[in-house]
Each structure stands twice: as structure tokens, then as C-alpha cells.
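A quick write-up on the structure given underneath.
In the working numbering, the protein residues as written are 19 to 322.
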């Protein structure tokens, strides 16, 4: 598990992800949530992990049962209508050439989405994402943690795209400077185009309403929900409210129930190789033999 008491800032480790995508995920309503989450973690996850070209792959599962204080209501900023999600995914690459390799191979991945996803929307981040602070030591989390994580999605307000991006960058930098914030990662994707749906997975919806075409996403971590509430009441946060009103039109916050890392720096994690729950069992039992090079080679190649 991560250690939130660590004061070292590990944010520089994410700079290797030169190109990124952030995909929102909604499960099929007929699929029970536990089945959906398990399939995504242990079946779809290892499949995606093996698609060539991939440099970074992390699933972030969201909990529809949320506390009432994930994000403060602000007059003039409306909640997104009918915006329910079950997860977010980062798929990233070290180079454009690697992304092209992945794109050429990923129809085998997209064919699997219809089994558990009702809707997926991949926002493009050709300049990557930015981790402003990360004091969580574990670079490859695989499960739920005792820390408080959330995602907040913002829709552009009465401003242009450049003004929105500039404000969101300054906003993120201001919040990241507060010691209460253990992690803050900023995603400023290109405007989503419904005429060019992404990812092109068959029998899955890939359209968004106008207010979700130009968005920004902040990924937060706090030590506890109480720390989060005190932060929202702080002078640092309240000083940003007028700026938020001027640039943000819509907002939605989502509670993160678990983070599962399958590929980092182009290398399969144990979860990427074996599946998330098997990796948890290996960790729990201290099965060091299961992570040795000979076992890894056997599983990857079928030969010793």
C-alpha cells in the first residue's frame, strides 16, 4: 500500500509518459457491478496490457456510492446532467511511434469492450498529462487504499479554450501547493469530436453532450475525507472561487474506489502479467517465486 506519510515528491516519475489518453467508462446496466469490476481488472486488464506499444496503463475504478462532500457546490457552476461513471483509464505512450503501434494492434482490445462497457469516451492528450505533486510512494498501486482519492471533471464556462486551459493550469498549481494535497494530476485534453468517436469499439457508445466536449480533469488524493473537507474550507481554496465562476461552466466529482496499474514505463506489472486479483494474492502470501524472471519468462513465452 501507499504511504501518505512520505514527504518526498515523486511527480517527476510520470514525465516519461509523453502522450496520454484519458477514457471515461460506464458499465453495462445489465452487468452486476462486481462482475464488471472483476472482468475489467482480471480479464480485460491483462489483455490490454499486452497490446504492443503501450507505455502506461492504469485503471481507476469509481464508486457510485459517494459521500456528500466530494466537491463544494459553487453558485453559477452547474453539475453535469446525468453524468454517471464507473471508471477512468489512462493509456499512455513514450512516443508517437509507440502510439501508432498500439493503434494498429488494438482492434483485438476494442472487440472486448462490448462485454462490460455501455459507453467509453477517450479524450486525447497529445502533450501528455501533468502530475503537479505526488507524495504517494508506490508507483504501481493495485487496489483500494486507505487514502482519499477523487476525480473532478470540469466543463468549460464562458471563456475560450485557451483561457480555460490557462485558468485550469493556474488553479491546479495553486491547489497543489497546499500540503494537504498528497497528489494532484491535471488532464487538459483536446476538445472531443463526436464525429470522430474514440475509442472505435463496436457496440459501445462514444458520444458526449456539448458541455462535455471541452473538459479538464483533476485527480486528487488526500490523507482522509476530513482533510479534504478542511482543505475546501481553507483560504487557499476559497480564494479561487471567483476564478472558478469565471471559467468553469459545469463540474462533477467522482470517488475513487481503487487504482490498478498494469503497465508503467513500458513494463508489465505483476497485475499486468497475471491479473489484478492474482497479483494481490501473490503480494499477500509473499510468493516471491511467482515474480522471479523464470516464471515471468514462462508466462510470457511459454518456455523456460
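Just so it is clear, CB atoms sit at the ideal spot from N, CA and C, and this is done for glycine as well.
I'd like the list of long-range same chain contacts for residue i, defined as Cβ closer than 8 Å, with 5 residues on each side in sequence excluded.
i, result
"residue 169", "78, 80, 106, 235, 236, 237, 238, 271, 272, 274"
"residue 157", "28, 31, 279, 282"
"residue 179", "209, 232"
"residue 253", "none"
Buried or exposed, going by whether 16 or more other CB atoms sit within 10 Å of the CB of residue i?
i, result
"residue 193", "buried"
"residue 55", "buried"
"residue 256", "exposed"
"residue 227", "exposed"
"residue 211", "exposed"
"residue 219", "buried"
"residue 152", "buried"
"residue 302", "exposed"
"residue 118", "exposed"
"residue 203", "buried"
In three-state DSSP terms, what is residue i?
i, result
"residue 89", "coil"
"residue 78", "strand"
"residue 296", "helix"
"residue 250", "helix"
"residue 285", "strand"
"residue 275", "strand"
"residue 59", "helix"
"residue 7", "Any answer about residue 7 is impossible in this case: the structure gives the chain only from 19 up to 322."
"residue 95", "coil"
"residue 166", "strand"
"residue 261", "helix"
"residue 150", "strand"
"residue 108", "strand"
"residue 291", "helix"
"residue 268", "strand"
Taking the straight line between their C-alpha atoms, what separation do you get for residue i and residue j?
i, j, result
"residue 94", "residue 122", "44 Å"
"residue 221", "residue 101", "20 Å"
"residue 53", "residue 259", "40 Å"
"residue 19", "residue 241", "Residue placement at residue 19 is flagged as unreliable, the pLDDT there being 41, under the threshold of 50; a coordinate-derived value is accordingly withheld."
"residue 74", "residue 35", "7 Å"
"residue 379", "residue 103", "Since the first residue shown for the chain is 19 and the last is 322, residue 379 is missing from the structure and cannot be characterised."
"residue 307", "residue 263", "55 Å"
"residue 186", "residue 300", "41 Å"
"residue 126", "residue 69", "9 Å"
"residue 267", "residue 207", "16 Å"
"residue 294", "residue 161", "8 Å"
"residue 143", "residue 244", "32 Å"
"residue 290", "residue 26", "27 Å"
"residue 292", "residue 251", "43 Å"
Can you give the beta carbon distance from residue i to residue j, rounded, assuming they're within the 8 Å contact cut?
i, j, result
"residue 62", "residue 134", "7 Å"
"residue 149", "residue 217", "That pair is no contact at about 24 Å."
"residue 111", "residue 175", "With 8 Å as the limit, residue 111 and residue 175 do not qualify as a contact, their Cβ atoms being about 31 Å apart."
"residue 277", "residue 309", "Actually they are not in contact, since the Cβ atoms of residue 277 and residue 309 sit about 20 Å apart, beyond 8 Å."
"residue 97", "residue 269", "6 Å"
Using C-beta distances below 6 Å, list every residue in its chain close to residue i, excluding the 5 sequence neighbours before and after it, in chain order.
i, result
"residue 22", "A caution first: residue 22 carries a pLDDT of 48, below 50, which makes its placement in the model unreliable, though a value can still be read off. Same-chain partners within the cutoff: 165, 200, 241."
"residue 215", "224"
"residue 89", "170, 271"
"residue 109", "39, 75"
"residue 196", "254"
"residue 284", "73"
Can you list, in chain order, the residues of its chain with a C-beta nearer than 7 Å to that of residue i? Leave out the 5 residues immediately preceding and following it.
i, result
"residue 181", "265"
"residue 130", "62, 65"
"residue 83", "none"
"residue 47", "136"
Please indicate yes or no: does the CB of residue i lie closer than 7 Å to some heavy atom of the ligand COA?
i, result
"residue 175", "Within the structure as shown, the ligand COA is missing, as the structure has no ligands at all."
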